Amino acid sequence: MINFESDAVHLLYKQYKAVYDKGGILSNLSSDSNISSVWQKITHETQISADELCNRVASLAGIESYPGTINVPVQLAKKIPMKTLVRHHIAIAGVEVGDAVIATANPFDTELPEALAFIFGSHFKLVVAAPDNINRAIESVKQLQDTTTRRATSLNLSRSSQSEHDDGSVPSIMSSLLRQSVNQGASDMHLQPFLNGSVVRVRVDGRLKRMTLVSSDIADGLIRHIKAQAGMDTTAKMLPQDGRMLVELEGNEYDLRISTLPVAGGCEKLVIRFLNRQSVYALADIGFSLDEVHTVRRLSAKPSGVVLVCGPTGSGKTTTLYSILNTLNNEAVSIMTVENPVEYQMQGLSQTEVNEKAGMSFAKALRAILRQDPDVLLIGEIRDEETAQIAMQSALTGHLVFSTLHTNDSLSAIPRLLDLGINPVILAETLAGIMSQRLLRKLCNDCKQETEPDNPMAAAFEKVTRTVQAYEAVGCESCGFSGYKGRTVVAEIIEISQAQRELLLGGEKDIAKFKNAMHGTFNSLSMSASRLIISGITTAAEASRVIGHQFWYALADEYSSELPDLSSLYDKNSQQNINQNAVLIAGEGCSKTQLLSNALKNSWLTVLTAEDPISANSVLHKNDNIEVVILELSDLLSDEEAVNTVAQYRREIAWSRIPALIRIPADKPHWKALLLEHGATSKFASKAIDEKEVVSLVQSAISNNLDFRWGTKSENS
Numbered sequence: 001m002i003n004f005e006s007d008a009v010h011l012l013y014k015q016y017k018a019v020y021d022k023g024g025i026l027s028n029l030s031s032d033s034n035i036s037s038v039w040q041k042i043t044h045e046t047q048i049s050a051d052e053l054c055n056r057v058a059s060l061a062g063i064e065s066y067p068g069t070i071n072v073p074v075q076l077a078k079k080i081p082m083k084t085l086v087r088h089h090i091a092i093a094g095v096e097v098g099d100a101v102i103a104t105a106n107p108f109d110t111e112l113p114e115a116l117a118f119i120f121g122s123h124f125k126l127v128v129a130a131p132d133n134i135n136r137a138i139e140s141v142k143q144l145q146d147t148t149t150r151r152a153t154s155l156n157l158s159r160s161s162q163s164e165h166d167d168g169s170v171p172s173i174m175s176s177l178l179r180q181s182v183n184q185g186a187s188d189m190h191l192q193p194f195l196n197g198s199v200v201r202v203r204v205d206g207r208l209k210r211m212t213l214v215s216s217d218i219a220d221g222l223i224r225h226i227k228a229q230a231g232m233d234t235t236a237k238m239l240p241q242d243g244r245m246l247v248e249l250e251g252n253e254y255d256l257r258i259s260t261l262p263v264a265g266g267c268e269k270l271v272i273r274f275l276n277r278q279s280v281y282a283l284a285d286i287g288f289s290l291d292e293v294h295t296v297r298r299l300s301a302k303p304s305g306v307v308l309v310c311g312p313t314g315s316g317k318t319t320t321l322y323s324i325l326n327t328l329n330n331e332a333v334s335i336m337t338v339e340n341p342v343e344y345q346m347q348g349l350s351q352t353e354v355n356e357k358a359g360m361s362f363a364k365a366l367r368a369i370l371r372q373d374p375d376v377l378l379i380g381e382i383r384d385e386e387t388a389q390i391a392m393q394s395a396l397t398g399h400l401v402f403s404t405l406h407t408n409d410s411l412s413a414i415p416r417l418l419d420l421g422i423n424p425v426i427l428a429e430t431l432a433g434i435m436s437q438r439l440l441r442k443l444c445n446d447c448k449q450e451t452e453p454d455n456p457m458a459a460a461f462e463k464v465t466r467t468v469q470a471y472e473a474v475g476c477e478s479c480g481f482s483g484y485k486g487r488t489v490v491a492e493i494i495e496i497s498q499a500q501r502e503l504l505l506g507g508e509k510d511i512a513k514f515k516n517a518m519h520g521t522f523n524s525l526s527m528s529a530s531r532l533i534i535s536g537i538t539t540a541a542e543a544s545r546v547i548g549h550q551f552w553y554a555l556a557d558e559y560s561s562e563l564p565d566l567s568s569l570y571d572k573n574s575q576q577n578i579n580q581n582a583v584l585i586a587g588e589g590c591s592k593t594q595l596l597s598n599a600l601k602n603s604w605l606t607v608l609t610a611e612d613p614i615s616a617n618s619v620l621h622k623n624d625n626i627e628v629v630i631l632e633l634s635d636l637l638s639d640e641e642a643v644n645t646v647a648q649y650r651r652e653i654a655w656s657r658i659p660a661l662i663r664i665p666a667d668k669p670h671w672k673a674l675l676l677e678h679g680a681t682s683k684f685a686s687k688a689i690d691e692k693e694v695v696s697l698v699q700s701a702i703s704n705n706l707d708f709r710w711g712t713k714s715e716n717s
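The following block contains the structure:
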């Protein structure tokens with residue numbers, strides 16, 4: 001077996017003797033020498049100080065020296081695994097201009113740059129330090145990690161704040177995750193088992209995106225910690241649990257709703273929902289048009305009746321209702337709510353939370369509230385016959401009632417209520433209005449551009465509506481390269497007319513008849529979305545993603561146009577998450593690596609390919625989400641051709657400064673040493689290893705290069 005440390009040590013000694021030992025003072029080196037003994041030997045036999053030797057070795061390598069004590073940055077203490085620190089005898093000495101400063105006693109360790117490149121990419125620099133100083137630094141890291149382990153088991157976390165000093169423990173990691181989520185405007189954070197660890201994802205503007213990967217041990221600690229903070233049973237892993245906790249983040253108070261669920265393999269999935277108790281907005285600020293605001297005001301000015309807001313979970317129904325209540329909230333009006341949970345706290349409102357375990361159901365709470373002399377009543381959701389009956393009876397007795405209903409559109413609420421057993425006569429008398437809404441992502445103002453002619457969704461929109469989509473999504477740092485930033489409402493609002501009341505009196509359920517009774521004044525979700533598209537606020541692709549095929553059916557009906565070819569349209573514009581991490585597989589014949597491509601895709605990675613260095617350069621420039629390059633070297637290449645190929649790729653893609661994995665044919669293992677000799681700094685892997693192992697290497701590289709450093713300001717930049 002080759003002793004790599006001995007080889008590296010002898011190389012250092014050989015280089016030193018060739019330059020500084022012209023008189024042959026230094027004796028031969030024993031075969032079992034290590035780096036510490038070599039430094040001791042040189043300083044003892046030549047009578048120079050460790051600092052002088054440090055300067056000489058640095059000069060030999062053409063890098064800087066680092067004399068004196070090494071103070072390892074706390075936030076980077078766990079960045080390099082302990083076994084790597086010990087094996088290569090290195091320590092992190094600091095950070096300069098975004099690059100980690102790595103202290104080594106042997107800059108001639110040829111495997112060190114490869115190991116560091118896989119952790120830091122190209123974001124590191126080597127300096128030379130004395131072995132004794134490095135030993136003390138490694139010992140300090142060991143002590144810090146021991147302390148972290150003890151802190152992690154105590155799981156004692158104070159409320160998150162920016163002034164908190166993160167130390168890499170489980171509580172500080174959770175604090176950092178929560179801050180990151182809030183800074184990105186996330187509504188939810190997910191932690192779930194994935195591959196050999198767990199993945200942390202956040203839902204931003206309605207779409208999930210990956211934040212980082214953590215080990216299984218850290219994930220277990222995070223779940224135990226949040227359970228303890230939320231008053232949940234930390235020992236019950238095989239039962240679903242719900243909890244809540246209040247935290248102050250970024251100057252706002254958040255109500256965190258915690259849900260854990262056992263999943264396969266004896267693991268748990270954690271979901272945290274962020275409810276900002278202060279975020280109540282004016283209707284116009286949410287995105288309602290002035291005409292829609294006027295309609296809502298007319299409905300909310302009625303002395304009694306039922307006003308329903310419809311839509312799927314996450315469509316902003318509660319935000320809209322609280323915005324309406326905010327306009328009604330004054331000392332002359334008694335407003336009471338029954339919710340599960342109370343999502344916003346508003347002064348002046350009496351808010352009651354449903355607690356099924358304690359026997360406080362929607363129906364029971366409503367019956368009690370009606371004895372409290374309310375003027376306006378908010379019911380969080382009409383989900384059963386009893387709640388629906390009480391809501392209608394409340395309206396009959398002179399109360400203005402607001403509630404939500406899970407239907408796809410506004411008019412579908414009518415047959416839904418009739419199916420719940422509401423008497424048609426009572427429904428005709430009490431139903432005042434119905435709203436249905438969705439949330440569409442808004443184009444990022446920093447990067448949106450005028451729509452290109454080759455945009456298939458925009459072309460289909462123009463063909464159907466005979467109007468042009470103003471702008472299209474591009475992607476920049478400001479919007480996380482999604483092309484969108486923030487969300488706005490699209491809505492359809494119906495004021496129940498006399499003609500529709502007559503239909504209700506007859507128990508009519510046919511939605512088409514209710515629509516026809518509006519005599520062309522019906523403004524559908526699709527038509528609302530089309531106006532935002534024409535105004536340059538969003539895109540046809542986004543409206544189609546959220547509303548679905550009905551978007552095109554409704555527009556074709558409204559404009560008396562032919563439907564576009566939806567099958568080909570959606571093939572060209574698949575629901576692929578453009579924020580998903582990507583891997584570039586490069587090299588001649590790379591498109592044939594089907595097994596590897598499938599394994600990467602199954603791990604939530606987008607796979608891109610390039611057959612030559614120039615194509616690889618082009619793909620990297622066009623795709624900001626590429627995290628790792630895999631270079632496939634053909635077994636038909638000669639040694640010289642392999643070296644030239646890698647050199648060509650280096651020239652074309654070195655600017656990207658992202659990790660690279662070079663896959664070498666199984667029958668040419670000597671290429672690794674050959675390529676290292678010619679300047680390669682990448683990670684190497686044999687084509688003989690299993691695809692799953694390659695995926696594991698890629699995931700490790702991504703996890704270590706997401707610029708996700710616990711407790712540093714860079715995490716929010």
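Numbering (the UniProt record's numbering), first residue to last: 1 to 717. Just so you know, even glycine gets a beta-carbon here, dropped at the ideal spot from N, CA and C. Please read all numbers here as calculations on a predicted model, not as lab measurements.
Return the CA-CA distance between R179 and E248, expressed in angstroms with no decimal places.
Here residue 179 corresponds to residue number 179 of the sequence shown, with the count starting at 1. Here residue 248 corresponds to residue number 248 of the sequence shown, with the count starting at 1. One C-alpha to the other measures close to 10 Å.
Tell me whether V628 is buried or exposed, calling it buried when 16 or more other Cβ atoms sit within 10 Å of its Cβ.
The count along the sequence shown starts at 1 and reaches residue 628 at position 628. V628 comes out buried.
CB-CB under 8 Å to E693, same chain, minus the five flanking residues each way: which ones, in chain order?
Translated into positions along the sequence shown, residue 693 becomes position 693. Only A685 meet the Cβ criterion.
Given a threshold of 16 other Cβ atoms within 10 Å of its Cβ, counted over all protein chains shown, does A91 qualify as buried or as exposed?
Here the question's residue 91 lines up with position 91 in the sequence shown. It is buried - the Cβ of A91 has at least 16 other Cβ atoms within 10 Å.
According to DSSP, simplified to helix, strand and coil, what is Q575?
Your numbering for residue 575 matches position 575 in the sequence shown. Below a pLDDT of 50, predicted positions are generally treated as unreliable, and Q575, at 43, falls in that range; the measurement from the model is reported next regardless. Coil, per DSSP.
Spatial distance of A599 from V695 (CA atoms):
Locating residue 599 in the sequence shown gives position 599, where the first residue counts as 1. Locating residue 695 in the sequence shown gives position 695, where the first residue counts as 1. Going from the Cα of A599 to the Cα of V695 covers about 7 Å.
Is it the case that the Cβ atoms of residue 722 and Y281 are separated by a distance below 8 Å?
Since the displayed the chain opens at 1 and closes at 717, residue 722 lies outside it and no answer follows.
Do A117 and S535 count as a contact pair if the criterion is CB distance below 8 Å?
Position 535 of the sequence shown holds residue 535. Position 117 of the sequence shown holds residue 117. Their beta carbons are not under 8 Å apart, which means S535 does not touch A117 by this criterion.
Do T337 and L349 have their beta-carbon atoms positioned less than 8 Å apart in this structure?
Residue mapping note: residue 349 aligns to position 349 of the sequence shown, counting from 1. Residue mapping note: residue 337 aligns to position 337 of the sequence shown, counting from 1. Yes. Within cutoff.
Inter-residue Cα distance where the pair is V293 and L283
The residue you call residue 293 lines up with position 293 of the sequence shown. The residue you call residue 283 lines up with position 283 of the sequence shown. For V293 and L283, the distance between alpha carbons rounds to 6 Å.
Beta carbon of L440 nearer than 8 Å to that of A529
Taking the first residue of the sequence shown as 1, we reach residue 440 at position 440. Taking the first residue of the sequence shown as 1, we reach residue 529 at position 529. Cβ atoms of L440 and A529: closer than 8 Å.
Quick one: what's got a C-beta closer than 7 Å to E386's C-beta in the same chain, skipping five residues either side?
For this step, residue 386 is matched to residue 386 along the sequence shown. Result list for E386: A363, in chain order.
If distances are taken between C-alpha atoms only, which option among H621, G287, N623 and P613 comes closest to E632?
Here the question's residue 632 lines up with position 632 in the sequence shown. With distances taken between Cα atoms, E632 lies closest to P613.
Ignoring anything shorter than 4 residues or poking outside the segment 518-553, list the alpha helix (DSSP H) runs there in chain order.
525-534 and 540-547
DSSP three-state assignment for S27, whether helix, strand or coil:
Walking along the sequence shown from the start, residue 27 turns up at place 27. If DSSP states are grouped into helix, strand and coil, S27 belongs with coil.
Contact defined as beta carbons within less than 8 Å: I believe W39 pairs with P131. What is the distance between those atoms, to the nearest angstrom?
For the purposes of this step, residue 39 is identified with residue 39 of the sequence shown, where counting begins at 1. For the purposes of this step, residue 131 is identified with residue 131 of the sequence shown, where counting begins at 1. About 5 Å separates the two Cβ atoms, so the contact holds.
Same chain, Cβ closer than 8 Å to L222, neighbours up to 5 away in sequence not counted
Position 222 of the sequence shown holds residue 222. If we look at L222 and ignore the five residues flanking it on each side, its Cβ neighbours are V170, I173, M174, L177, L191, V214 and L270.
Since A556 and V464 are thought to touch, with beta carbons under 8 Å apart, how far apart are those beta carbons, to the nearest angstrom?
Locating residue 556 in the sequence shown gives position 556, counting from the first residue. Locating residue 464 in the sequence shown gives position 464, counting from the first residue. With a Cβ gap of about 6 Å, A556 and V464 count as contacting.
Contained alpha helix (DSSP H) runs [length at least 4] in the segment 107-136, N- to C-terminal order
112-120
Span separating the alpha-carbon of R151 from that of S140
Here residue 151 refers to the residue found at position 151 when the sequence shown is read from its first residue. Here residue 140 refers to the residue found at position 140 when the sequence shown is read from its first residue. Annotation note: pLDDT 38 at R151 (below 50); position unreliable, coordinate value reported separately. About 16 Å.
Could you tell me which whole beta strand (DSSP E) segments of length 3 or greater appear in the segment 653-697?
660-664 and 683-686
Where does the unbroken beta strand (DSSP E) through E253 begin, and where does it stop?
Taking the sequence shown and counting its residues from 1, one reaches residue 253 at position 253. That run of the beta strand (DSSP E) goes N252 to V263.
Of the choices K227, G486 and E353, whose alpha-carbon is the least far from that of N446?
The residue given as residue 446 occupies position 446 in the sequence shown. One point to set straight first is that residue 446 is Asp, not Asn, in the sequence displayed. Cα-wise, what sits closest to D446 is G486.
Those residues which DSSP pairs with D188 across a bridge
Numbered from 1 along the sequence shown, position 188 holds the residue referred to as residue 188. The partner list for D188 (beta bridge, DSSP) reads R203 and R273.
Could you give the uninterrupted runs of the beta strand (DSSP E) lying entirely in the segment 589-649, keeping only those of 3 residues or more?
606-610 and 626-632
Distance between V19 and V128 (C-alpha atoms, nearest Å)
For this step, residue 128 is matched to residue 128 along the sequence shown. For this step, residue 19 is matched to residue 19 along the sequence shown. Roughly 17 Å between the two C-alpha positions.
Does the pairing of the segment 416-435 with the segment 499-512 give three or more beta-carbon distances under 8 Å?
yes
Can at least three beta-carbon pairs, one atom from the segment 305-322 and one from the segment 223-235, be found at a separation below 8 Å?
no
With DSSP as the reference, please indicate the residues paired to G247 in a beta bridge.
Numbered from its first residue, the sequence shown carries residue 247 at position 247. Sequence inspection shows Val at residue 247; the Gly mentioned does not correspond to that position. Looking at the DSSP assignment, V247 forms a beta bridge with Y254.
May I have the straight-line CA-CA distance separating I653 from E353, to the nearest angstrom?
Counting from 1 along the sequence shown, the entry for residue 653 is found at position 653. Counting from 1 along the sequence shown, the entry for residue 353 is found at position 353. Looking at the two C-alpha atoms, the distance is approximately 57 Å.
Looking at C-alpha atoms only, which residue of E502, L532, E495 and E339 is the closest neighbour of A522?
Looking up residue 522 in the sequence shown gives position 522. For the sequence presented, residue 522 should be read as Phe rather than Ala. Comparing Cα positions, the closest option is E495.
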